[in-house]
Amino acid sequence: MTKHDEGRRAFLVGTAIGAGAAASVALVPDALAKEHRHHDAAANAPAADHMADHMADHVADNAMAGMGGRHGAFFNDDDSRTIAAFTERLMPGAPGKPGATDAGVLNYIDLALAGPYADDQYFYRCGVAQLDAHCTQTYGKPFRNLTAVQQDETIAALEQGKAPAFVWPTAQAFFNAVHKHTMEGLFADPIYGGNKDFAGWRLVGFPGAQPEFTPEDMQSKEAFTREPIIGLQARAKSVKG
């Protein structure tokens, strides 16, 4: 993992902890429960481009495998690869460190757009189309086929509002939406389709919907590590039982 990727992960996790998002599960949307390195010239060589395409497909295929290898509930295959690549650059994975793909963020966003976030479908359609237009103008390829460095450059341009191909939604608005939904997919309860195997909660030491906490638990300043981590679905089953 590059220093850039480490910094991005630390920023995202730090944001979640600083906001108290994981502990309160405040990132669960009302409707549901209502961050560049310069690359050397070799990156533009055909062999490097081929490898970048392969890696991008690998990330996307892994993400789509998390949806059972099928078309998404809302996204088609190309849009799935685009959003999978975008969210993975927002929260890159590494050995022993789950990223957006590992946490099933694509599945979370896909299900949300097919249901309670349906009002954002046209926003995403236009945003992805403008994203690919910007990338084709700048690099000659759609976002999903860019190298990781080019994808990071693109995301930075969106965040700074420096992508002229965007009209509506604006570049910053699209970045903000995908960033917000990536955070939700990482840290919301798994019942909503993301945070697979409690990947996000394990990152920040959040125990989930535990039935009770001891006085020692409440006073401790260390991450809660008692197993198992419990989600809403398991909690509901235990209540019914």
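Final position of the sequence shown in numbering that gives the first Met the number 0 is 240; the numbers increase by one with none missing. Glycine is no exception: its CB is placed at the ideal position from the N, C-alpha and C atoms. On a predicted model such as this, the values are computed, not experimentally measured, just so you know.
Closest to residue i by CA distance: which of the options is it?
i    : options               : result
R88  : Q150, N106, Y121, N75 : Q150
T1   : A84, P94, N75, D77    : P94
R263 : T146, T135, T81, E158 : Here the chain covers residues 0 to 240 and nothing more, so residue 263 does not appear.
P91  : D76, W200, P168, A147 : A147
A117 : Q136, F73, D196, T169 : F73
P206 : A102, K220, D76, P227 : P227
L112 : F186, N75, A155, E215 : N75
D119 : A155, F173, D77       : F173
K220 : A162, Y121, G204      : G204
Can you round the beta-carbon distance between residue i and residue j to whole angstroms, since I take them to be within the 8 Å contact cut?
i    : j    : result
A198 : I229 : Actually they do not touch by this definition, with Cβ atoms about 15 Å apart.
N194 : G184 : 7 Å
D142 : L130 : One detail in the question is off: residue 142 reads as Phe in this sequence, not Asp. F142 to L130, Cβ: 5 Å. Contact.
L188 : L231 : The residue asked about is misnamed: residue 188 is Asp in this sequence, not Leu. About 5 Å; that satisfies the 8 Å criterion.
P168 : G126 : 5 Å
L145 : T153 : 7 Å
T181 : V104 : 5 Å
Tell me residue i's beta-bridge partners as DSSP assigns them.
i    : result
I229 : G207
A162 : None, per the DSSP bridge assignment.
A93  : K96
Grab me the residues of residue i's own chain with a C-beta within less than 8 Å of its C-beta, minus the 5 sequence neighbours each way, in chain order.
i    : result
A132 : A164
D4   : P91, A93
V166 : Q129
D77  : P141, R143
With a threshold of 6 Å, establish whether the CB of residue i neighbours any heavy atom of the ligand MG.
i    : result
D101 : Summarising the ligand content, the structure contains no ligands, and the ligand MG is consequently not present.
Who are the Cβ neighbours of residue i in its own chain at under 7 Å, not counting the five residues just before and after it?
i    : result
G71  : S79, D109
H178 : L89
K140 : C134
I190 : G230, L231, Q232
Y138 : L145, Q149
A102 : G184, L185, G193, N194, K195, A198, G199
H49  : With a pLDDT of 44 at H49, under the threshold of 50, the modelled position of this residue cannot be trusted; read the value that follows with caution. So no residue of the chain qualifies.
E211 : none
I'd like the list of long-range same chain contacts for residue i, defined as Cβ closer than 6 Å, with 5 residues on each side in sequence excluded.
i    : result
Q171 : G160
G192 : N106, Y107, L110
F85  : V177
F122 : P168
A162 : H133, A156, A170
Q255 : One cannot answer for residue 255 here, as it falls past the ends of the chain, which runs 0 to 240.
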